[in-house]
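Reading through the structure tokens given below for one structure.
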Amino acid sequence: SSAFFRNNIAPIRLSLFNLGTFLTNLIVVFFQILVLVGVAILAFNVNITSVIFSIIAALLMVSSVFICVGMMIGYLFTTEETSTLAAISLSCIFLLFSSTIIPIESLAPSIANYAAYSPFVLGEAMIRKMIVFGLPISMSKELLLLFLEFMMMCVLVTIASKINRNRIK
């Protein structure tokens, strides 16, 4: 498309373009998180005011991983249809192995070992600890694993964006 061509000939470093895309998405997600947390507090009387900043920070960390996954899908696939299909398929896989539908404990041990590192599972465990036990965000195992997943996804996004940029040449 013409937008793809314009983005590729613009005198902007690839890392800056990726950072701009990431921050734009993170800002949108941040306001969505504020609305959802506000609804939880006001409409459902959820008492999370003591750990509200920790919950928002944890949700932003989880969102960062999924934003990078979405950016990678967008860079790897050339058409809107294949990108949508890949995103829906990956979302279904993440949801299936998130202990929302099937408990992780009931999965085969080989699959359960991988499912335990899903961003859904890690984020859910971290947020549950904050809400149920009132624990602030700390250097927990879940936060460290999410951060490592985020860094890995950043590297993969960089690789995917370079592949995407080389398509036009």
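Be aware that the sequence shown starts at 1, since it is given in the working numbering, and climbs by one per residue. Glycine included, every Cβ here is placed at the ideal spot set by N, Cα and C. All values derive from a computational prediction rather than experimental measurement.
Excluding the 5 residues preceding and the 5 following L76 in the sequence, name in chain order all residues of the same chain whose CB lies nearer than 6 Å to its CB.
Result list for L76: A160, in chain order.
CB-CB under 6 Å to A87, same chain, minus the five flanking residues each way: which ones, in chain order?
I73
Quick one: residues in its chain with C-beta nearer than 6 Å to the C-beta of L144, no 5 flanking neighbours on either side, listed in chain order?
none
Do the stretch 117–131 and the stretch 94–105 make contact, defined as three or more Cβ pairs closer than 8 Å?
yes
Tell me, to the nearest whole angstrom, how far the beta carbon of E149 is from that of V29; I am working on the premise that it is less than 8 Å.
Wrong, their Cβ atoms sit about 17 Å apart, outside the cutoff.
Alpha carbons only, please: which of A40, A115 and P109 is nearest the one belonging to I101?
A115
With the cut-off set at 9 Å, would you say S63 and I33 are in Cβ contact?
yes
Using 8 Å as the cut-off, can you tell me whether the stretch 123–141 makes contact with the stretch 37–45, which would need three or more C-beta pairs spanning the two stretches below that distance?
no
Can you grab the Cα-Cα spacing for the pair F5 / N166, in whole Å?
In this structure, the CA atom of F5 is about 11 Å from the CA atom of N166.
Could you pull the start and end residues of the alpha helix (DSSP H) that Y114 belongs to?
From DSSP, the alpha helix (DSSP H) with Y114 extends over P109 to A115.
Between T21 and M71, which are expected to be in contact by the criterion C-beta below 8 Å, what is the C-beta distance as a whole number of angstroms?
6 Å
Among residues of its own chain, excluding the 5 on either side of S140, which ones have a beta-carbon nearer than 8 Å to its beta-carbon?
Excluding its 5 nearest sequence neighbours in each direction, S140 has C-beta neighbours in its own chain below 8 Å: M126 and K129, listed in chain order.
Ordered along the chain, which non-local residues of its own chain (more than five positions away) have a Cβ less than 6 Å from that of L59?
Taken in chain order, the residues that qualify are I33.
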